[in-house]
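Encoded as structure tokens, the structure appears first; notes follow it.
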Amino acid sequence: MELGEFGSGMAFGRRSVVRVNQERETIGDESDASTAMWLAQLRWIAIAGQLIVISFVSLVLGIPLAIPQLLTLVLLTIASNVALWAIARRVIAKASTQPNGYQGFVPNRLLGGVLLFDVAILTGLLYFSGGAANPFTLFYVANIAVAGVVLSRFWAVLISAASVMGCFWLLHSASPVSVFEGSPYEHRAAWGVTKWAFWISFATCSWVLTYFVSQLATEVRLRDRRLAIAEKDKERAQRLEALATLAAGAGHELASPLSTIAVIAGELSRRLDKPEIPDKVKRDFGLIREELSRCKDILHRMKSGAGEAAAERLHPVALKEIIDETLSAMREPHRVDLSMEKAVGDFKGMLPKQALSQALRNLLQNGLDASEPTSHVSFSSTILMDKQDQRVWQLQILDAGSGLSDEVFRRIGEPFFTTKEVGKGMGMGVFLTRNVIQGLGGSIRFERAIPSGTLCTVRVPIETN
């Protein structure tokens, strides 16, 4: 079984379901920086509109307004938008230095705070220009719609509630404007059916708009992330297919000459086993046989390795069995300090034993290679519950090395990228391991440890049946 089967058999039947659930869980926690930039541009348009309306009403129509107060509120909006613009630009600039098309994100609380601030500013502008009788009261709806598009449902509901309360307050209190005198919605008008009907209809429309816009926006974001996942999976499959072709070609082309060399080397070794043969010749020939063995090992890893194991099906297996399988095939298992409670080890899940053990073995071996020959690697195993109350198996590997550079952090996991000496690594371990873990709907993360070393965290969702 060759590397090609790794590409075709590694989905394990549940990548898309688990990963889409994880995406649904995280939607709304943050927004990409381009959304923040779009909001800043939209606010510049709103600011320009506010200045135009104030100028037109006061200078052209000649309606007296509280100009100092209105301009103060507009200036506050300008200042806040400059800050938002600067933050978005900084995040985008920082993201441009990251790999894999990373765009950068800003927390939803930032955009939510900005839109809450806009609701407060709009309430102030309306207060100094006639209150709820001002037809621009309808612009509360614009804030609600924008919140539903760019924010999570929590923030959208909060913006909607603030708008409804702002409208209610304007029906009670405002700075009078002569042109609105006698309006049934003016703050000085008596409370009756008209005012109540206006406020109730405004509140109802706000809630309905919030629900449908936020629901639609959530589904659109989920669809976009599904498409992004599909694109990444397609790209990964193409790379694996190319690697499979390379491995198959290399194995086919090199297997025959290496076998011939091995046969000849075996014959020569018997002829060289004579006292009159110089020791130097024997040592040189021994080195040739060692290098031949290394070539065969490399071919074996290219043709099988994690690939053969990844083609297996899911079946119930105790977590301890996977750990034991991982350590038993390592060259130096005594250098791995395992920390795992008995209850965790006895727990059974639907997992591919060979694939997962090979993936963990790759990570452990990398940790050992990065550490001093006398140092140990910490290996811990725990079970956590995620936000969807699903069991997640978390494994952490902490090496005793000097840590990874920024360049290595950016490129780690790329095929054929390695920091090891020539002949000691092909740069495929992390790449294949990541495909196995992500094929199970899990994740793998590398981070710098304090004071030194690298911490690798693997999380794999566990199904019990």
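According to the numbering used here, the stretch in the sequence shown is residues 677 to 1141, in order. Beta carbons: idealized from backbone N, C-alpha and C, even for Gly.
Cutoff 8 Å; reference residue i; Cβ partners in own chain excluding five residues on either side
i     : result
F1110 : Here residue 1110 is Arg; the residue named in the question, Phe, does not match the sequence. If we look at R1110 and ignore the five residues flanking it on each side, its Cβ neighbours are G1089, I1120.
G1025 : P992, V993, L995, R1067, W1069, I1138, E1139, T1140
I754  : I723
D1082 : none
A712  : L760, I763, A764, V767, V782, L786, L787
The beta strand (DSSP E) enclosing residue i, as first and last residue numbers
i     : result
H991  : 991-994
R1135 : 1130-1137
F1122 : 1119-1124
D1013 : 1012-1016
Buried/exposed call for residue i, threshold 16 Cβ in 10 Å
i     : result
W1069 : buried
F1107 : buried
E631  : Outside the shown range of the chain (677 to 1141) lies residue 631, about which nothing can therefore be said.
E967  : exposed
F682  : Its pLDDT being 38, under 50, F682 is placed unreliably in this model, and the value from its coordinates should be taken loosely. So F682 ends up on the buried side.
S828  : buried
A821  : buried
Q1034 : buried
D1075 : buried
K871  : buried
E943  : exposed
A716  : buried
E952  : exposed
S932  : exposed
L948  : exposed
T1130 : buried
V957  : exposed
Helix, strand or coil at residue i [DSSP, three-state]
i     : result
I953  : coil
R864  : coil
I1073 : strand
F1055 : strand
K1024 : strand
L948  : coil
M841  : helix
R1086 : helix
R1007 : coil
L1060 : strand
V884  : helix
V1068 : strand
N819  : helix
L1080 : coil
I739  : coil
P852  : coil
F878  : helix
F961  : helix
F793  : helix
L834  : helix
G806  : coil
L827  : coil
T1050 : coil
G788  : helix
E1001 : helix
S935  : helix
Nonlocal neighbours in the same chain, by C-beta distance under 6 Å from residue i, ignoring five residues either side
i     : result
Q726  : V750
Q1072 : S1056, T1133
I730  : L746
T1002 : S1033, L1036, R1037
F1143 : The structure shown does not extend to residue 1143, since the chain is modelled only from 677 to 1141, so the question has no answer here.
L1014 : F1055
Bounding residues of the alpha helix (DSSP H) (the contiguous stretch that carries residue i)
i     : result
K770  : 743-771
F1181 : In the structure as shown, the chain begins at 677 and stops at 1141. Residue 1181 is therefore absent and cannot be evaluated.
K1029 : 1029-1046
L718  : 709-731
T1109 : 1105-1115
Cβ shell of residue i (< 7 Å), same chain only, five flanking positions each side left out
i     : result
F688  : With a pLDDT of 49 at F688, under the threshold of 50, the modelled position of this residue cannot be trusted; read the value that follows with caution. Correct list, in chain order: L990, P1028, G1115, L1116.
T886  : I820, G824, A832, V833, S836
S890  : G824, R829, A832
V855  : I739
A809  : F856, S859, Y861, E862
L1044 : E1008, R1011, V1053
* Asked: Three or more beta-carbon pairs under 8 Å between the stretch 793-801 and the stretch 735-753, yes or no?
  -> yes
* Spell out a yes or no on whether the stretch 759-768 and the stretch 808-816 are touching, meaning 3 or more CB-CB pairs, one atom from each, closer than 8 Å. => no
* Asked: Using 8 Å as the threshold, is the stretch 824-843 in touch with the stretch 901-910, meaning 3 or more CB pairs across them?
  -> no
* Do the stretch 817-828 and the stretch 855-875 touch if we need at least three Cβ pairs shorter than 8 Å? -> no
* Do the stretch 1017-1024 and the stretch 1036-1055 touch if we need at least three Cβ pairs shorter than 8 Å? -> no
* Give a yes or no on contact between the stretch 948-962 and the stretch 996-1007, applying the rule of three or more CB pairs nearer than 8 Å. => no
* To do: Determine, using beta-carbon pairs with one atom in the stretch 843-851 and one in the stretch 867-882, whether at least three such pairs fall under 8 Å.
  => yes
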